[in-house]
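S.K.: I am attaching a structure below and will ask some questions about it afterwards.
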Amino acid sequence: MYAVVTNCTREKLDFASPARDLYRGPSVQRVVKVVDEARSQGMPVSLYIISARYGLVGEHDVLEPYDETLSGKSHEEIKRWARAVGLHTAFRRLAEANKVILVVTKAYYIAVEDVACQYDVYVLAPFRACGRWIKTGNFDRHIALRKLLKSLWSSASPEGTRRRRRGSGDRE
Numbered sequence: 001m002y003a004v005v006t007n008c009t010r011e012k013l014d015f016a017s018p019a020r021d022l023y024r025g026p027s028v029q030r031v032v033k034v035v036d037e038a039r040s041q042g043m044p045v046s047l048y049i050i051s052a053r054y055g056l057v058g059e060h061d062v063l064e065p066y067d068e069t070l071s072g073k074s075h076e077e078i079k080r081w082a083r084a085v086g087l088h089t090a091f092r093r094l095a096e097a098n099k100v101i102l103v104v105t106k107a108y109y110i111a112v113e114d115v116a117c118q119y120d121v122y123v124l125a126p127f128r129a130c131g132r133w134i135k136t137g138n139f140d141r142h143i144a145l146r147k148l149l150k151s152l153w154s155s156a157s158p159e160g161t162r163r164r165r166r167g168s169g170d171r172e
């Protein structure tokens, strides 16, 4: 199973909603769209969001809107917050059971960095990161996510293997 983890955004709906709908910022909406596209092609993908209030939440968890962010906080404050909300424990469980792809801003990466560096996690970001870092810009991470998911799925699935063989000139 693949687990895509992104972070919350300032722009939210004004009423309790599933996390995938609550966050209205374009970064979350683009990631949701890519995850939905991957699922429509049969890929087993789950979506999680690091919430500045609730910690790591599943896309269908219903959340009340809030006005909090990790942006602008010091490294120490972010790491203290992550421990307090149980983010490290939740992220560790996720990484032990899934191939994790982080699509987060720097502050939210700092929140999971200590745990992420212990696992073979993909990190799509414009900043240097441990794990399998894929350098992206701030506004094209969803494009890199789409390419990575397609690549992982085609190399892992029997259908993808057959497609690669056909594409390389071999006949079945």
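At position 98 of the sequence shown (counting the first as 1) the number is 98 in full-length UniProt numbering, and the numbers step up by one without a gap. Backbone N, C-alpha and C fix where the C-beta goes; we use that ideal spot for every residue, glycine too.
Can you tell me whether DSSP reads Leu13 as helix, strand or coil?
M.R.: Three-state DSSP puts Leu13 in coil, outside helix and strand.
S.K.: Quick one: using the 10 Å Cβ neighbour count with 16 as the cut-off for buried, is Lys12 buried or exposed?
M.R.: Lys12 is buried by the Cβ-count criterion.
S.K.: Who are Thr6's beta bridge partners in DSSP?
M.R.: Beta-bridge pairing links Thr6 to Ile49, Val103.
S.K.: Report the CB separation of Tyr119 from Ala95 in whole angstroms; it is logged as a contact under 8 Å.
M.R.: Contact holds; Cβ gap of about 4 Å.
S.K.: Check the Cβ-Cβ distances between Ala144 and every residue of chain D, and say whether any is below 8 Å.
M.R.: Judged by its chain identifiers, the structure shown contains no chain D, having just a single protein chain.
S.K.: Considering only residues of the same chain and omitting the five flanking positions on each side of Tyr122, which have a CB-CB separation below 6 Å?
M.R.: Excluding positions up to five away in sequence, the list reads Ile101, Arg132.
S.K.: Taking only the alpha-carbon atoms, compute the straight-line gap between Ser51 and Tyr108 and give it to the nearest angstrom.
M.R.: Rounded to whole angstroms, Ser51 to Tyr108 spans 9 Å at the Cα level.
S.K.: Just how far apart, CA to CA, sit Glu64 and Tyr54?
M.R.: Glu64 and Tyr54: Cα-Cα distance of roughly 10 Å.
S.K.: Going by the CB atoms, is the gap between Val57 and Leu87 shorter than 8 Å?
M.R.: Cβ atoms of Leu87 and Val57: not closer than 8 Å.
S.K.: Less than 6 Å between C-beta atoms, sequence neighbours within five positions excluded: which residues of the same chain meet that for Cys130?
M.R.: Result list for Cys130: Cys117, in chain order.
S.K.: Going by Cα to Cα distance, which pick from Asp114, Glu59, Asn98, Val104 is closest to Glu76?
M.R.: Selected option, being the one with the closest Cα: Asp114.
S.K.: Using only the alpha-carbon positions, how far apart do Gly25 and Ser157 sit?
M.R.: Answer to the nearest angstrom: the Cα atoms are 32 Å apart.
S.K.: Determine whether the beta carbon atoms of Pro18 and Glu59 lie at a separation below 8 Å.
M.R.: In this structure, Glu59 lies closer than 8 Å to Pro18 by Cβ.
S.K.: Using the three-state DSSP reduction, which class does Leu149 fall into: helix, strand or coil?
M.R.: In this structure, Leu149 counts as helix in the three-state DSSP scheme.
S.K.: Closest by CA to Asp14, which one among Thr105, Val62, Asp140, Ala82?
M.R.: Nearest option by C-alpha distance: Val62.
S.K.: Between the Cα of Leu47 and those of Asp140, Asp21, Gly72, Asn138, spot the shortest distance and give me the residue it belongs to.
M.R.: Selected option, being the one with the closest Cα: Asp21.
S.K.: Go to Val123, then tell me how far its beta strand (DSSP E) extends in each direction, as first and last residue.
M.R.: Here the beta strand (DSSP E) through Val123 covers 122-125.
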